[in-house]
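Here the protein sequences line up with chains A and B, keeping their order.
Residue 10 is where the first sequence starts when you use my numbering, and the numbers rise one by one after that.
Residue 34 is where the second sequence starts when you use my numbering, and the numbers rise one by one after that.
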Amino acid sequence: MDATTPPASVERPPGGEPEPAPDQLLQVIDLKVSFRSDEGLVRAVDGVTFDLAQGLTLGLVGESGSGKSVTTKAVMQLLPNNAVVDPASRLYFRTERTAADIATLAPRSREMRRIRGGEIAMIFQEPMASFSPVYTIGNQMMEAIRLHRHVGKAEAREIAVDMLDRVGIANPALRVRQYPHELSGGMRQRAMIALALSTRPALLIADEPTTALDVTTQAQVLELLDELRRDFAMAMIFITHDMGVIAQVAQAVAVMYLGRVVERGPTRALIDTPHHPYTEGLLRAIPRLDRLDERLSPVGGDIPSPMERPTGCPFHPRCARMIAGTCDTAPPPSVKVGPDHHVDCFLYA
Amino acid sequence: MSTASSMPEPASEAPHGPPADRRPLIEVDGLKVHFPIPGKGLFARGGGVVRAVDGVSFAINRGETLGLVGESGSGKTTVGRAILRILDPTEGRVLFHPETPRAGNGAGAGGPVDVTTLKGERLRRFRRHMQLIFQDPYASLNPRMTVRDIIAEPLEVQGLLKSKAAIDARVREIAGRCKLNVEHLRRFPHAFSGGQRQRICIARALVTQPEFIVCDESVSALDVSIQAEILNLLMDLQAEFQLTYLFIAHDLSVVAHLSTRVAVIYVGEFVELAPTRRLFFQPMHPYTKALMSAVPTVDADAAFDPIALQGEIPNPADAPSGCRFHTRCPYAQPACTIDRPAWREIAAGHFVACHYAEDIAAGHLAPNHAPGVAAE
Ligand SMILES: Nc1ncnc2c1ncn2[C@@H]1O[C@H](COP(=O)(O)OP(=O)(O)OP(=O)(O)O)[C@@H](O)[C@H]1O
Ligand SMILES: Nc1ncnc2c1ncn2[C@@H]1O[C@H](COP(=O)(O)OP(=O)(O)OP(=O)(O)O)[C@@H](O)[C@H]1O
Ligand code: SF4
Ligand SMILES: [Mg+2]
Ligand SMILES: [Mg+2]
Numbered sequence: 010m011d012a013t014t015p016p017a018s019v020e021r022p023p024g025g026e027p028e029p030a031p032d033q034l035l036q037v038i039d040l041k042v043s044f045r046s047d048e049g050l051v052r053a054v055d056g057v058t059f060d061l062a063q064g065l066t067l068g069l070v071g072e073s074g075s076g077k078s079v080t081t082k083a084v085m086q087l088l089p090n091n092a093v094v095d096p097a098s099r100l101y102f103r104t105e106r107t108a109a110d111i112a113t114l115a116p117r118s119r120e121m122r123r124i125r126g127g128e129i130a131m132i133f134q135e136p137m138a139s140f141s142p143v144y145t146i147g148n149q150m151m152e153a154i155r156l157h158r159h160v161g162k163a164e165a166r167e168i169a170v171d172m173l174d175r176v177g178i179a180n181p182a183l184r185v186r187q188y189p190h191e192l193s194g195g196m197r198q199r200a201m202i203a204l205a206l207s208t209r210p211a212l213l214i215a216d217e218p219t220t221a222l223d224v225t226t227q228a229q230v231l232e233l234l235d236e237l238r239r240d241f242a243m244a245m246i247f248i249t250h251d252m253g254v255i256a257q258v259a260q261a262v263a264v265m266y267l268g269r270v271v272e273r274g275p276t277r278a279l280i281d282t283p284h285h286p287y288t289e290g291l292l293r294a295i296p297r298l299d300r301l302d303e304r305l306s307p308v309g310g311d312i313p314s315p316m317e318r319p320t321g322c323p324f325h326p327r328c329a330r331m332i333a334g335t336c337d338t339a340p341p342p343s344v345k346v347g348p349d350h351h352v353d354c355f356l357y358a
Numbered sequence: 034m035s036t037a038s039s040m041p042e043p044a045s046e047a048p049h050g051p052p053a054d055r056r057p058l059i060e061v062d063g064l065k066v067h068f069p070i071p072g073k074g075l076f077a078r079g080g081g082v083v084r085a086v087d088g089v090s091f092a093i094n095r096g097e098t099l100g101l102v103g104e105s106g107s108g109k110t111t112v113g114r115a116i117l118r119i120l121d122p123t124e125g126r127v128l129f130h131p132e133t134p135r136a137g138n139g140a141g142a143g144g145p146v147d148v149t150t151l152k153g154e155r156l157r158r159f160r161r162h163m164q165l166i167f168q169d170p171y172a173s174l175n176p177r178m179t180v181r182d183i184i185a186e187p188l189e190v191q192g193l194l195k196s197k198a199a200i201d202a203r204v205r206e207i208a209g210r211c212k213l214n215v216e217h218l219r220r221f222p223h224a225f226s227g228g229q230r231q232r233i234c235i236a237r238a239l240v241t242q243p244e245f246i247v248c249d250e251s252v253s254a255l256d257v258s259i260q261a262e263i264l265n266l267l268m269d270l271q272a273e274f275q276l277t278y279l280f281i282a283h284d285l286s287v288v289a290h291l292s293t294r295v296a297v298i299y300v301g302e303f304v305e306l307a308p309t310r311r312l313f314f315q316p317m318h319p320y321t322k323a324l325m326s327a328v329p330t331v332d333a334d335a336a337f338d339p340i341a342l343q344g345e346i347p348n349p350a351d352a353p354s355g356c357r358f359h360t361r362c363p364y365a366q367p368a369c370t371i372d373r374p375a376w377r378e379i380a381a382g383h384f385v386a387c388h389y390a391e392d393i394a395a396g397h398l399a400p401n402h403a404p405g406v407a408a409e
């Protein structure tokens, strides 16, 4: 894996075009996304690199506005019109049916339409965003299924009923005939998952899907997603601010700061031995039930505005361990600090 | 029915902040908020209502933070809005006890104000005492106003300070307390990060020097670092200005950090209320027990084995009879489907609405294998 992952600090890998690795489902290589605004081009994602093997869950955490949602929207080609993806960005996606660089596909191409909502599905915090209010749950699921799988109407209905049953919705044969507003909040959440999974995606992107739920329902949804991931050998990218949730569902974590992945590694290793000073700060800031008497400890310093991106390491203006003359001048190297554990930081160079 | 005000807990239970004053600032008695069901469709049984809040009674003491937790749609926001009179309760009273009889606070000669009966000019003038900080700092700030004007607006609307110099001085002082500088005041909100916008919202809420603030998911959209910063700020401001908070949030660890006491709401009814540590470490109600078992932790040694609740959260337009939790409760007995459990004080300052709380705590009642005796 390391041989094919270029150091995050270089614009283009020294050996020319990066090669897709056959054992990875998704390889995001040096993804850069900017937005056109009144103040000119603003860089939101600034060289993100990570990969994801089939059937595993990657947790994506980090600062608000660090580019988590934009990164995953780029993978889905769901970016708004004012977004500009750097042409050197690579988004290799490989399944039994597909071997493509998503970055080179036109958003409306046949292949992209097949991938989006078919091989890669997405769920959000607000289930109503996934459904149209004017069609029944069943109609919407059947349409998605028939768009992505070669089945007739009757079979599509069967798959839809099966899928609703699979996510734990009682009386699924009745539910397919109902409209989204006729379901309770919890049921809608599960119906959204059923809709997303009805096309048997190889990759599910979940952008804060449990943020609005109470913890009992959250625990159910997490367990359900994990079960479906194992049964369908589906990979997941799970975005959340809750490290506790990450610890429950993700095998690997990528930590984002100001448009970059500053550290990535196996979940336990990253939580138990964080290397990047930002990751350390993030973990220290978590409120913990076993430390109710302690004052909370935020990461010190102020977040720079996206217009004034720091030179060198993006974190250096807030970093207590900053090496003057080094961290503030050059981008930090990507250093391997353990099995599959990488950190962009001069402290380990 | 006893109310929470009758026996506040020992102040030493507070994880943070100054010892809470035991005198109530707010007393809520039998609060109901019902919304008529609009339109057609399956749920439009003639004259049906959503019983969003259905008879809750509690008090919030001076200088304390009362946490309020519960599922999405359980009625948390509605409770907060009814106290602030952003919406009108269907039934019940909300009493506000002013510190000292002040001119223009809507109170007569120093007695409590029944917020639910205030109207017109008196209501308008009363609003300065109670403020709201919302979840979404993006949506709640007018993009065409400078930060200075956003913070000053409540003062101007209320006509509390007349001269521009006095308003400027107050805005600068409060902005400084919220870690915003003079430079920031000239800018427009779009130039700020989520954390900074939330500080603007807090400054705006504090500028009228309110005594009571409802924080409705005020930190939910923020990352953990900014969240920690804002929570520290809220606690510092509380100590400095003797503020009283109703703090609504989904994240139980956040609620535990800030709250003196915590209430749990389920489908429009309170099921438990206790001092923070008691609620988290000795929960009595089966729903609270399930909640506490499902708090995710980063601690590798802590076993994560959430109590699974069967079935769905009931629709508040069609709430279950008896105990509203009986359709999902692992301990439910036949009586639970018929009798509404009383809101009772089971230990000093510890309130619970469950027929069998003592039996469950003593281990006399085993969880059913098929929870929800009358499900569906
Ligand atoms: N449509 C857009 N136009 C301009 N800028 C945008 C747009 N969408 C996102 N951005 C900017 O891109 C950056 C990354 O945003 P993104 O939504 O990916 O953050 P995030 O990591 O998902 O944050 P959060 O945790 O708050 O959801 C932010 O600075 C944001 O302001
Ligand atoms: N203006 C309204 N008209 C009709 N129904 C309403 C109105 N406001 C809220 N409701 C309903 O009242 C119930 C309680 O809503 P409320 O917003 O208080 O819940 P909440 O606990 O704050 O949920 P969340 O955690 O999602 O914010 C819900 O069923 C909701 O749909
Ligand atoms: S035991 Fe009965 S009263 Fe107590 S929570 Fe369960 S259903 Fe409600
Ligand atoms: Mg996001
Ligand atoms: Mg709410």
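Glycine is no exception: its CB is placed at the ideal position from the N, C-alpha and C atoms.
Predicted, not measured: the structure shown is a model, and the values here were computed from it.
Could you say which of the options lies nearest to residue i if we only look at CA atoms?
i	options	result
A:Y287	A:A263, A:R297 and A:Q134	A:A263
B:C356	B:Q343, B:F303 and B:F313	B:F303
B:A395	B:A289, B:Y364 and B:G382	B:Y364
B:G108	B:A202, B:A350 and B:P339	B:A350
B:A224	A:S98, A:P313 and A:T320	A:P313
A:T320	A:T225, A:A333, A:V308 and A:A339	A:A339
B:L291	B:I263, B:P347, B:I183 and B:V82	B:I263
A:T145	A:A261, A:R184 and A:S207	A:R184
A:L267	A:K82, A:P323 and A:L100	A:P323
A:E105	A:F140, A:Q63 and A:S141	A:Q63
B:A236	B:K195, B:G301, B:F167 and B:G192	B:F167
A:P341	A:H285, A:L301 and A:D311	A:H285
A:M331	A:D353, A:R197, A:L87 and A:S207	A:D353
A:M131	A:A215, A:H157 and A:V344	A:A215
A:F241	A:V37, A:I38, A:R45 and A:T66	A:T66
What span of residues does the alpha helix (DSSP H) with residue i cover, start to end?
i	result
B:H217	V215 to L218
A:V224	V224 to F241
B:K322	P319 to S326
A:D311	Segment: none, A:D311 is in no alpha helix (DSSP H) and carries neither H nor E.
A:T288	P286 to R293
A:K162	K162 to R175
B:T309	T309 to F314
List the DSSP bridge partners of residue i.
i	result
B:L270	None; B:L270 has no bridge partner.
A:G274	A:V262
A:A130	A:L213
B:K65	B:D87 and B:E124
B:I281	B:L101 and B:D249
B:D392	Answer is none; B:D392 lacks a bridge partner.
A:A109	A:F102
Verify the CB distance criterion: does residue i have a CB-CB separation below 7 Å to chain C?
i	result
A:T58	Looking for chain C here will not work: the only protein chains present are A and B.
Could you spell out where the beta strand (DSSP E) holding residue i opens and where it closes?
i	result
B:T377	Here the sequence assigns Arg to residue 377 of chain B, which means Thr is not the residue at that position. Its beta strand (DSSP E) spans residues R377 to A380.
A:G347	S343 to G347
A:M245	A244 to I248
Exercise for the section: Return the residues of the region 328-345 of chain B that lie within a Cβ-Cβ distance of less than 8 Å from chain A, sorted by chain order. Expected result: V328, P329, T330, V331, D332, A333, F337, P339, I340, A341, L342, G344 and E345
Problem - the region 274-302 of chain A: positions lying closer than 8 Å to chain B by Cβ - result: R277, I280, D281, G290, L291, L292, A294, I295, P296, R297, L298, D299, L301 and D302
Problem - Where the region 86-103 of chain B meets chain A: residues whose CB sits under 7 Å from a CB there - result: G103
Practice task
List in chain order: all unbroken alpha helix (DSSP H) runs of 4+ residues lying wholly within the region 63-105 of chain A.
Solution key: 77-85
Problem - Sequence ranges, alpha helix (DSSP H) only - wholly within the region 77-151 of chain B, length at least 4 - result: 109-116
Handout entry: Runs of alpha helix (DSSP H) lying entirely within the region 205-260 of chain B, each at least 4 residues, in chain order
Key = 215-218 and 227-239
Exercise for the section: With 9 Å as the limit, tell me which residues of the region 253-278 of chain B have their beta carbon closer than that to any beta carbon of chain A; keep them in chain order. Expected result: S253, A254, L255, D256, V257, S258, I259, Q260, A261, E262, I263, L264, N265 and M268
Practice task
With 8 Å as the limit, tell me which residues of the region 286-300 of chain B have their beta carbon closer than that to any beta carbon of chain A; keep them in chain order.
Solution key: S286, V287, A289 and H290
Practice task
Would you list, in chain order, the members of the region 319-336 of chain A that have their beta-carbon closer than 8 Å to a beta-carbon of chain B?
Solution key: none
Handout entry: the region 224-249 of chain B: positions lying closer than 9 Å to chain A by Cβ
Key = A224, F225, S226, G227, G228 and Q229
Handout entry: Chain-ordered residues of the region 306-329 of chain B with a beta carbon less than 9 Å from chain A
Key = T309, R310, F313, F314, Y320, A323, L324, M325, S326, A327, V328 and P329
Practice task
Please name the residues in the region 235-256 of chain A whose beta-carbon is closer than 7 Å to at least one beta-carbon of chain B, in chain order.
Solution key: H250, D251, M252, G253, V254 and A256
Problem - Members of the region 209-226 of chain A that neighbour chain B once the beta carbon cut-off is set at 8 Å - result: T220, A221, L222, D223, V224, T225 and T226
Exercise for the section: Taking only beta carbons into account, state which residues of the region 55-79 of chain A come closer than 9 Å to chain B, listed in chain order. Expected result: V70, G71, E72, S73, G74 and S75
Exercise for the section: Would you list, in chain order, the members of the region 347-358 of chain B that have their beta-carbon closer than 9 Å to a beta-carbon of chain A? Expected result: P347 and N348
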